[in-house]
Structures are given as structure tokens and as C-alpha cells.
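With our numbering, letter number 117 in the first sequence gets 118, and the count goes up by one each step, no holes.
Ideal Cβ placement from N, Cα and C applies to all residues, glycine included.
Note that the coordinates shown come from a computational prediction; the quantities given were computed from them, not determined experimentally.
See below for the structure under consideration.
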Amino acid sequence: MSKFKPALPKGTRDFGPEVLAGRNYIIDTIKDVYELFGFAPIETPTMELLSTLMGKYGDEGDQLLFKIINSGDYLSKADENALQRKSSTGLLKSISNKGLRYDLTVPFARYVVMNRNDIAFPFKRYQIQPVWRADKPQKGRYREFVQCDADIIGSNSLLNEVELLSIMTEVFDRLKLSKDLIEIKINNRKVLEGISEAIGASDQFRDITVAIDKLDKIGMEKVLEELKSKNLSEEACTKLQKFLSFSGDFAVTLDYLEKELSPVSQTGAKGVEELRETFALLENKDRFTLDLTLARGLNYYTGAIFEVVPKTIKMGSISGGGRYDDLTDIFGMPDVSGVGFSFGLDRIYDTMQELNLFSAINLSAASILFIGKNEEAQLFNLDKVRQLRKKGLPAEIYPEAAISGGKLKKQMKYANRRNFSNVVVTGVNEMEQRIIKVKTMETGQENSYSISELIIHLQQQS
RNA sequence: GUGGUUGUAGCUCAGUUGGUUAGAGCAUCGGUUUGUGGUGCCGAGGGUCGAGGGUUCGACUCCCUUCAUCCACCCCA
Numbered sequence: 002m003s004k005f006k007p008a009l010p011k012g013t014r015d016f017g018p019e020v021l022a023g024r025n026y027i028i029d030t031i032k033d034v035y036e037l038f039g040f041a042p043i044e045t046p047t048m049e050l051l052s053t054l055m056g057k058y059g060d061e062g063d064q065l066l067f068k069i070i071n072s073g074d075y076l077s078k079a080d081e082n083a084l085q086r087k088s089s090t091g092l093l094k095s096i097s098n099k100g101l102r103y104d105l106t107v108p109f110a111r112y113v114v115m116n117r118n119d120i121a122f123p124f125k126r127y128q129i130q131p132v133w134r135a136d137k138p139q140k141g142r143y144r145e146f147v148q149c150d151a152d153i154i155g156s157n158s159l160l161n162e163v164e165l166l167s168i169m170t171e172v173f174d175r176l177k178l179s180k181d182l183i184e185i186k187i188n189n190r191k192v193l194e195g196i197s198e199a200i201g202a203s204d205q206f207r208d209i210t211v212a213i214d215k216l217d218k219i220g221m222e223k224v225l226e227e228l229k230s231k232n233l234s235e236e237a238c239t240k241l242q243k244f245l246s247f248s249g250d251f252a253v254t255l256d257y258l259e260k261e262l263s264p265v266s267q268t269g270a271k272g273v274e275e276l277r278e279t280f281a282l283l284e285n286k287d288r289f290t291l292d293l294t295l296a297r298g299l300n301y302y303t304g305a306i307f308e309v310v311p312k313t314i315k316m317g318s319i320s321g322g323g324r325y326d327d328l329t330d331i332f333g334m335p336d337v338s339g340v341g342f343s344f345g346l347d348r349i350y351d352t353m354q355e356l357n358l359f360s361a362i363n364l365s366a367a368s369i370l371f372i373g374k375n376e377e378a379q380l381f382n383l384d385k386v387r388q389l390r391k392k393g394l395p396a397e398i399y400p401e402a403a404i405s406g407g408k409l410k411k412q413m414k415y416a417n418r419r420n421f422s423n424v425v426v427t428g429v430n431e432m433e434q435r436i437i438k439v440k441t442m443e444t445g446q447e448n449s450y451s452i453s454e455l456i457i458h459l460q461q462q463s
């Protein structure tokens with residue numbers, strides 16, 4: 002018999018009680034805020050048909066999809082031709098028709114189209130579930146991670162953008178990720194299109210967005226270099242540089258854009274107008290920056306785009322989203338506009354961990370452990386534990402009795418490891434006197450209580 | 001897919017120009033006057049040094065192959 006050394010698949014993790022306490026704290030915070038704003042939860046299956054998933058995330062996205070092999074003797078139905086040619090992509094269609102979901106937005110679009118008759122539009126849903134990507138793992142990047150999406154679909158109003166941005170600030174405030182720690186960036190795809198038009202290169206819109214997205218990483222020179230290599234004219238580059246070099250606060254940048262774009266681009270003017278209206282409705286205006294270099298790779302965005310990045314540590318975006326006009330169209334339901342965004346649970350956790358934000362939060366409830374010296378004491382304890390629980394007070398009993406002469410060391414050690422704040426030791430004396438002897442672990446002090454006194458004592462502690 | 005890093009005890013890591021029986025801390029278990037813990041002291045168990053091949057009298061150490069890992073790029077949460 003051979004021994005297997007246990008291991009996990011690449012990019013996946015176990016979560017122990019301590020980590021999960023932190024993750025659940027974040028999830029609960031997000032859920033609370035979502036529901037405060039009137040969003041209702043939905044869930045969709047872990048797997049979707051490949052016909053739903055493929056082609057929605059670009060060629061690269063298709064590569065990163067986890068495919069599920071068909072059940073049964075799948076090879077007997079495999080494409081002979083592709084098998085002979087050892088063509089994986091050719092073979093795929095005949096041996097796999099399902100895959101793990103890559104994000105929550107596309108399954109949501111499918112859901113909306115399939116349930117359109119039952120949905121009251123505008124539909125506000127939230128969804129907190131894991132997604133899978135066959136990426137190479139690295140810092141802040143996992144193959145299995147949890148997204149916390151909120152979307153509003155079936156409404157063009159910019160009020161929706163404003164609501165989503167309010168959710169962001171509310172959640173990050175509650176998590177103590179303050180203004181100094183994170184930056185919430187806003188931009189608008191129409192403005193980017195307008196800029197492309199203004200510099201006379203509207204046909205190269207995609208290249209331009211991909212390139213300027215890298216601006217803060219590789220710098221202006223390299224960006225222009227990349228664009229020149231894609232045949233963007235010298236003149237266009239110079240003009241673009243002027244746009245991207247502009248700096249100022251939100252309002253000033255808006256004025257600048259309006260002056261430059263309105264005369265030359267209708268789309269651009271519309272984008273500026275949208276940004277202006279959104280900005281006017283925002284509550285904590287100083288929390289947001291208008292960042293012309295924010296582009297976002299996904300090309301289904303058509304209006305506002307958002308992204309949140311930690312300022313003080315090296316970490317990818319912890320939240321992102323935007324408005325999309327045609328996402329349901331690919332499933333045969335045109336002219337439905339939506340806007341949404343996602344919190345990346347894992348990266349938020351990593352960020353809070355790195356910034357030591359969990360230390361200020363008390364994640365474990367004060368609890369009490371009962372230790373019995375013999376079987377009779379165990380019964381005595383069991384009765385007390387049950388009474389406490391009926392009052393909603395968490396209480397536990399150590400399953401093995403510390404029998405006659407046995408040491409309490411093991412039990413006390415366990416109490417320490419589990420971080421119990423109170424320990425009860427019951428032996429012959431306590432049972433005779435009908436008292437509960439409680440040791441406060443922090444101070445080592447011992448006090449005797451009756452059950453009703455103990456209930457009051459514990460209620461005061463929690 | 002491209003480039004780099006690191007693989008030694010359950011975990012985190014030492015290990016000198018190649019030299020006898022491979023170490024530490026933490027963790028585990030036991031002991032330290034058989035009713036009291038987290039910090040003391042003593043002790044024990046636990047390793048085909050990632051895997052395979054090569055060079056050598058001799059390899060954890062050098063060379064090749066391979067697998068895994070983490071990080072950066074690409075892309076993204």
C-alpha cells in the first residue's frame with residue numbers, strides 16, 4: 002500500500018476557522034449593505050453549458066475556462082478526426098459540453114433572459130459565489146475565488162451608477178478601508194471613444210484602451226511606443242499624450258474634457274455628460290477620482306466603468322465593474338441595459354490581512370467550556386450547558402472526563418487553544434455544594450455561581 | 001504561454017570549498033509533589049534532503065532531466 006502525500010489542486014485553498022471568520026465577516030458586511038439598498042440574492046449552478054460561456058470573454062477567456070469532460074464512455078463519441086490530429090480544441094466539442102463558471106455576470110445575463118417573464122424590471126440582484134479560472138496562480142490570484150456581484154438590469158438611469166458607487170463607499174467604510182487606503186476610480190467608455198475620435202484614430206479604439214490601461218504600470222513612454230508599433234500616427238500619439246497628461250480634480254477634468262471633446266465627438270460629449278450627471282448626484286464626492294487611464298480590458302462595457310485598488314500595498318483591483326448595454330443581447334434579448342460591479346472577496350481579505358485590519362475586529366464570540374472530573378460531573382455539566390444554550394449563550398462541554406487523579410493540563414491547554422474566556426471545572430466538591438466554579442482565563446481568577454447568576458454574568462459579558 | 005525563485009521533520013527554515021550517525025525553532029506526546037492553562041526545565045517520537053538519472057572512493061551539496069512551488073509579465077477579482 003502506498004502512502005499519498007495529501008495536496009490541493011493548484012490555486013485552491015482550505016480555509017480554517019480563523020480565516021473563515023474573517024471571510025464571513027466581509028461577506029456579512031457586503032450582504033448587509035446589498036440588502037440595505039434593496040438587492041435580492043440569487044444563485045446559479047456551479048457549471049454552465051459551454052455554449053453559454055464560450056466566446057463571452059475573448060479568446061484568452063475561452064482558454065481559461067475549466068471544461069468538464071462528458072460522463073460515460075466519452076471517448077467512444079469523440080471526433081475521430083480531431084483525435085487523430087491530436088487537436089485539443091477540435092476534440093473539445095465532442096467530449097465536453099459543460100464548464101465551470103468564469104464569472105457571475107454572464108450566468109446572470111442568461112438567468113435574466115430565461116426568467117424575463119417572472120422578473121420585475123429594473124431587476125436588482127446580488128450574488129456571492131465562487132468562480133473558477135485556469136489562470137496561473139500568483140499573489141492575489143487564485144483558480145477558485147469568490148465574487149460578490151451586484152447588478153441592476155433594465156434601467157438606463159444614471160441613478161443606478163450612483164447607487165452602486167454609494168454601496169462601494171458604504172462597504173469599504175464599514176470594513177475600515179478608508180480613503181487613504183483605497184482609491185475608487187471612475188471613467189466612461191464613451192469618453193475614451195471620444196478621445197480616440199478626437200485624436201483621429203477611432204478605428205483603433207481597442208488598441209488604445211488596452212494600451213492606456215497599462216499606463217500606471219509601464220509609463221507613458223512605453224504606452225506610446227506600443228501604440229506606435231500598432232501604427233498609431235505620430236500626430237495622434239502627441240494628442241493622446243496631452244489628454245492623458247492632464248491632471249486635476251473631478252470637476253476640473255470634466256470641464257477640460259467638455260472643452261476638448263464636445264466640438265469633435267458626439268459620443269465623447271455624451272460620455273462627459275454622463276460623468277457630470279453621475280458626479281453631481283454622488284454623496285461623498287471626495288472619495289472618487291476621475292481617471293482617464295482607467296479602461297478595463299473587458300470590452301462589453303459601454304458606459305461608466307469603475308475600479309477599486311489599494312493605495313498602500315501591491316495588490317490588483319479589489320473591485321470593478323461598469324455599464325453594459327448588450328449583454329443579454331447575446332442570448333436573444335436586445336435593448337436591455339445593465340450596470341453592475343463585483344467585490345473580490347479573496348483580495349479584500351488579503352488586503353485587510355496585509356493592512357492588519359482584522360486585529361481591531363473581534364471575530365470570536367466569548368464562550369465557556371465545562372470540564373468534568375468524572376462521569377457524574379459530566380452529567381452535572383451537561384445540564385448546565387443545556388440551560389445556558391436555552392438562553393442563547395454559547396457553551397461547550399469537554400467530551401472526555403478528567404477522571405480520578407487525571408490531570409487538567411490537557412483540558413486547560415485545549416481551552417487556551419480554542420480561546421475560551423471562561424472555564425468551568427466540576428468535581429466532587431462543586432457537586433456537593435451545588436455551585437458552578439468559573440475560572441476567568443485571562444486573569445486566572447475563580448468565582449462560584451449558581452446557574453441563574455452565571456446566566457446573568459455571561460449575558461453581561463456578551 | 002514567457003521569465004525568474006524555492007523544494008531538507010507535521011509547519012517555518014539552518015546545513016561551511018562535496019566527507020562519518022542530517023540540525024534548530026514551533027507543533028505533537030510524556031515527565032517535572034495525581035484539582036488547574038497559556039512563559040520555565042528534562043525527555044521522546046518523527047526525515048530514502050521533491051522525484052529520476054549522472055559525475056565521484058564518497059552527493060543534501062556538483063551536472064542533466066522531470067515534477068511541484070511562489071513571484072513577475074500577459075490578463076484579471
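- request: Please specify which runs of the alpha helix (DSSP H), each continuous and at least 4 residues long, are wholly inside the stretch 346 to 421, giving them in chain order.
  value: For the stretch 346 to 421, the full-length alpha helix (DSSP H) segments reaching 4 residues or more read 346 to 355, 376 to 391, 410 to 418 along the chain.
message: DSSP three-state label for Val340, please.
response: In the first sequence, counting from the first residue as 1, residue 340 sits at position 339. Correct three-state label for Val340: strand.
query: In this structure, does DSSP put Asp152 in helix, strand or coil?
result: Translated into positions along the first sequence, residue 152 becomes position 151. Here DSSP, grouped into helix, strand and coil, assigns Asp152 to strand.
query: Looking at the unbroken alpha helix (DSSP H) that takes in Ala110, where does it start and where does it end?
result: On the first sequence, residue 110 is found 109 positions in, with the first residue counted as 1. Membership of Ala110 in the alpha helix (DSSP H) is indicated by the continuous run 106 to 115.
message: What does the alpha-carbon distance come out to for the pair Ala110 and Lys125?
response: Residue mapping note: residue 110 aligns to position 109 of the first sequence, counting from 1. Residue mapping note: residue 125 aligns to position 124 of the first sequence, counting from 1. If I take the Cα positions, the gap works out to 12 angstroms.
query: Taking the alpha carbon of Gly317 as the point to measure from, which residue in Asp181, Arg207, Ile331, Leu346 has its own alpha carbon closest?
result: Taking the first residue of the first sequence as 1, we reach residue 317 at position 316. Looking at the Cα atoms, Leu346 is the closest of the given residues.
- request: Would you identify the three-state DSSP class for Ile319, choosing helix, strand or coil?
  value: Position 318 of the first sequence, counted from the start, is the residue given in the question as residue 319. Of the three classes helix, strand and coil, the one that applies to Ile319 here is coil, per DSSP.
Residues of its chain near Asp174, where Cβ-Cβ distance is below 8 angstroms and the 5 sequence neighbours each way are ignored: As a first step, residue 174 must be located in the first sequence, where it is residue number 173. The same chain holds no residue with a CB closer than 8 angstroms to that of Asp174 once the five nearest residues on each side in sequence are set aside.
query: Around the Cβ of Met413, are there at least 16 other Cβ atoms within 10 angstroms (buried) or fewer (exposed)?
result: For the purposes of this step, residue 413 is identified with residue 412 of the first sequence, where counting begins at 1. Classified as buried, Met413 has 16 or more neighbouring CB atoms from the shown chains inside 10 Å of its CB.
query: Using DSSP with H/G/I as helix, E/B as strand and the rest coil, what is Asn232?
result: Residue 232 sits at position 231 when you count from the first residue of the first sequence. Asn232: coil per DSSP, three-state reduction.
task: Check whether the Cβ atoms of Leu51 and Tyr58 lie closer than 9 angstroms to each other.
output: Working through the first sequence from its first residue, we reach residue 51 at position 50. Working through the first sequence from its first residue, we reach residue 58 at position 57. No Cβ-Cβ contact shorter than 9 angstroms links Leu51 with Tyr58.
- prompt: How many Å lie between Lys438 and Glu447 at the Cα?
  reply: Mapped onto the first sequence, residue 438 falls at position 437. Mapped onto the first sequence, residue 447 falls at position 446. Straight-line spacing of the CA atoms in Lys438 and Glu447 works out to 7 angstroms.
field: Rounded separation between Ala83 and Ser179 - CA only
entry: One-based indexing of the first sequence puts residue 83 at position 82. One-based indexing of the first sequence puts residue 179 at position 178. Taken atom to atom, the span from the alpha-carbon of Ala83 to that of Ser179 is near 55 angstroms.
message: Using CA atoms only, rank isn't needed, just tell me which of Leu176, Glu222, Lys177, Leu241 is closest to Gln205.
response: Walking along the first sequence from the start, residue 205 turns up at place 204. Looking at the Cα atoms, Leu241 is the closest of the given residues.
message: Just to confirm, is the Cβ distance from Ile319 to Ile168 under 9 angstroms?
response: Counting from one through the first sequence, the residue named residue 319 turns up at place 318. Counting from one through the first sequence, the residue named residue 168 turns up at place 167. Between Ile319 and Ile168, the C-beta gap is not smaller than 9 angstroms, which leaves the two residues out of contact.
message: For Gly304, tell me which candidate among Ile187, Asp104, Lys191 has the shortest Cα-Cα distance.
response: The sequence position of residue 304 within the first sequence is 303, counting from 1. The shortest C-alpha to C-alpha distance from Gly304 to any of Ile187, Asp104, Lys191 is the one to Lys191.
message: Quick check on the DSSP output: what are the complete beta strand (DSSP E) runs of length 3 or more inside the stretch 14 to 78, in order along the chain?
response: DSSP runs (the beta strand (DSSP E)) wholly in the stretch 14 to 78: 48 to 50.
- request: Can you give me the start and stop residues for the beta strand (DSSP E) that Arg126 sits inside?
  value: In the first sequence, the residue the question calls residue 126 occupies position 125. Note, Arg126: beta strand (DSSP E), 124 to 133.
CA nearest to the CA of Leu228, picked from Ser246, Ser248, Gly272, Ala202: For the purposes of this step, residue 228 is taken as the residue at position 227 of the first sequence. Cα-wise, what sits closest to Leu228 is Ala202.
- prompt: In terms of residue numbering, what span does the alpha helix (DSSP H) encompassing Ser95 cover?
  reply: Position 94 of the first sequence, counted from the start, is the residue given in the question as residue 95. First-last of the alpha helix (DSSP H) with Ser95: 89 to 96.
- request: Could you pull out every residue in the same chain whose Cβ sits closer than 7 angstroms to the Cβ of Gly100, ignoring the five residues on either side in sequence?
  value: In the first sequence, residue 100 corresponds to position 99, counting from 1. Excluding residues within five positions, the ones whose Cβ falls inside 7 angstroms are Met48, Glu49, Leu51, Leu54, Leu66, Phe67, Lys68, Ile69.
Residues near Gln388 in its chain [Cβ-Cβ closer than 8 angstroms; skip 5 each side]: Start at 1 with the first residue of the first sequence, and residue 388 comes out as number 387. Within the same chain, Gln388 has close Cβ partners Ile452, Ile456.
task: Please name the residue in Arg134, Asp351, Glu226, Leu255 whose C-alpha comes closest to that of Glu145.
output: As a working note, residue 145 is residue 144 in the first sequence. For the residues Arg134, Asp351, Glu226, Leu255, the minimum Cα distance to Glu145 belongs to Arg134.
query: Should Thr313 go down as buried or exposed, given a rule of 16 or more other Cβ atoms within 10 Å for buried?
result: To locate residue 313, count along the first sequence from 1; it is residue 312. Burial call: exposed.
Element boundaries [alpha helix (DSSP H), containing Ile120]: The residue labelled residue 120 in the question sits at position 119 within the first sequence. Judged by DSSP secondary structure, Ile120 falls outside any alpha helix (DSSP H); it is assigned neither H nor E.
- prompt: In three-state DSSP terms, what is Ile306?
  reply: In the first sequence, residue 306 corresponds to position 305, counting from 1. DSSP places Ile306 in the strand class (E or B) of the three-state scheme.
query: Would you call the stretch 367 to 379 and the stretch 395 to 409 touching, i.e. three or more CB-CB distances under 8 angstroms?
result: The answer is yes - the stretch 395 to 409 touches the stretch 367 to 379, with three or more Cβ pairs under 8 angstroms.
- prompt: Cα separation between Lys177 and Met353?
  reply: Stepping through the first sequence from its first residue, residue 177 is reached at position 176. Stepping through the first sequence from its first residue, residue 353 is reached at position 352. Their backbone Cα atoms lie some 9 angstroms apart in a straight line.
task: Using beta-carbon positions only, say whether Ile96 and Phe122 come within less than 9 angstroms of one another.
output: Translated into the one-based positions of the first sequence, residue 96 becomes position 95. Translated into the one-based positions of the first sequence, residue 122 becomes position 121. Not in contact: Ile96 and Phe122 (Cβ atoms no closer than 9 angstroms).
query: Counting Cβ pairs closer than 8 angstroms, one from the stretch 283 to 291 and one from the stretch 242 to 261, do we hit at least three?
result: Contact between the stretch 283 to 291 and the stretch 242 to 261 is established, with three or more Cβ pairs separated by less than 8 angstroms.
- prompt: Where DSSP assigns a beta bridge to Asn189, which residues make up the other side?
  reply: The count along the first sequence starts at 1 and reaches residue 189 at position 188. According to DSSP, Asn189 bridges with Ala305.
query: Based on Cα-Cα distance, which residue from Glu433, Asn430, Asn423 lies nearest to Thr444?
result: Mapped onto the first sequence, residue 444 falls at position 443. Cα-wise, what sits closest to Thr444 is Asn423.
query: What residues match up with Ser449 in a beta bridge as DSSP calls it?
result: In the first sequence, the residue the question calls residue 449 occupies position 448. In DSSP, Ser449 forms a bridge with Lys438.
query: If we ignore side chains and look at the alpha-carbon of each, how far apart do Ser3 and Pro10 end up?
result: Along the first sequence, read from residue 1 onward, the residue named residue 3 stands at position 2. Along the first sequence, read from residue 1 onward, the residue named residue 10 stands at position 9. Residue placement at Ser3 is flagged as unreliable, the pLDDT there being 40, under the threshold of 50; the coordinate-derived value follows with that caveat. If you draw a straight line from the Cα of Ser3 to the Cα of Pro10, it is about 20 angstroms long.
task: Quick one: residues in its chain with C-beta nearer than 6 angstroms to the C-beta of Asp63, no 5 flanking neighbours on either side, listed in chain order?
output: Your numbering for residue 63 matches position 62 in the first sequence. The answer, listed in chain order, is Met55.
query: Taking DSSP as the reference, what is the three-state secondary structure of Val147?
result: Numbered from its first residue, the first sequence carries residue 147 at position 146. In the structure shown, Val147 sits in a strand (DSSP, three-state: E or B).
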